Amino acid sequence: MIITWIISFFSFQRGENWTALLISPERNLMLVLGPIGAALFCFLLYRFSCNVHYPQKRLTFFTALCMPLSLMFVFDPTNHPIQSNIHLFFSYLYFFGVNLSFMTSLYQLHFTETKLFQQISQGYLFILLVVGMMYMHYMSINTLFEVTFTTGMTLLLVTAVRKTS
């Protein structure tokens with residue numbers, strides 16, 4: 026899996042976004058898997074916030090809505106400029122919602138378990154470093170960026186939920 030990402034990192038075109046598949050017949054598959062993935066991801070985010078004794082119902086629900094809403098709109102700026110802007114709006118909201126929720130829970134964890142806080146925050150900073158390098162390389166948010174961030178945060182959340190429960 027890592028080798029595939031490395032190969033696709035250097036062969037990925039600047040600004041390419043796989044949500045253009047929403048025009049193709051795979052649209053229904055993406056519209057089904059997107060909300061399921063968002064619900065599972067935000068359940069982990071909510072579970073982590075509950076484990077550190079600071080449940081964030083509204084923020085995780087808001088974040089869970091942003092991913093499927095971004096998938097409903099295609100990112101194809103040349104043919105669909107308005108839909109592309111709406112897609113970007115919900116994608117940015119999703120990114121900032123995940124980070125705000127995670128950082129709030131991480132801040133609460135700092136007061137209870139300092140050593141665990143350091144381990145989880147190092148993983149979080151590594152994910153942000155990799156995603157930041159991708160952004161600097163492509164100068165845009167593309168699907169590789171989104172997949173890497175979501176996969177890395179999911180693995181980090183699974184680890185954090187296991188260690189805090």
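In the numbering used here, the protein residues as written are 26 to 190.
Note that beta-carbon positions come from the ideal geometry of N, C-alpha and C, so glycine has one too.
Keep in mind the model is a prediction, meaning the values are calculated, not measured.
- Taking a cut-off of 8 Å for Cβ pairs, the stretch 105-122 and the stretch 73-91 touch, as three or more such pairs fall below it.
- Taken through DSSP and simplified to helix, strand or coil, residue 135 comes out as helix.
- Straight-line spacing of the CA atoms in residue 99 and residue 108 works out to 6 Å.
- Apart from sequence neighbours up to five positions away, the residues of its chain that approach residue 146 with a beta-carbon distance below 7 Å are 131, ordered along the chain.
- For the 7 Å CB-CB criterion, residue 182 and residue 87 do not form a contact.
- Boundaries of the alpha helix (DSSP H) harbouring residue 92: 82-96, taken from the DSSP string.
- Here DSSP, grouped into helix, strand and coil, assigns residue 78 to coil.
- Contact check for residue 77 against residue 143 fails: the beta carbons are separated by 7 Å or more.
- With respect to residue 156, residue 174 sits close: the two C-beta atoms are nearer than 7 Å.
- Cβ-Cβ distances below 7 Å link residue 188 to 141 in the same chain, with the five nearest sequence neighbours on each side left out; the list follows chain order.
- In terms of Cβ geometry, residue 170 and residue 158 do not form a close pair [threshold 7 Å].
- Burial is judged here by how many other beta carbons sit within 10 angstroms of a residue's own beta carbon; residue 149 has at least 16 and is buried.
- Residue 57 and residue 97 have their C-alpha atoms roughly 11 Å apart.
- Within the model, the alpha-carbon separation for residue 80 versus residue 68 is close to 11 Å.
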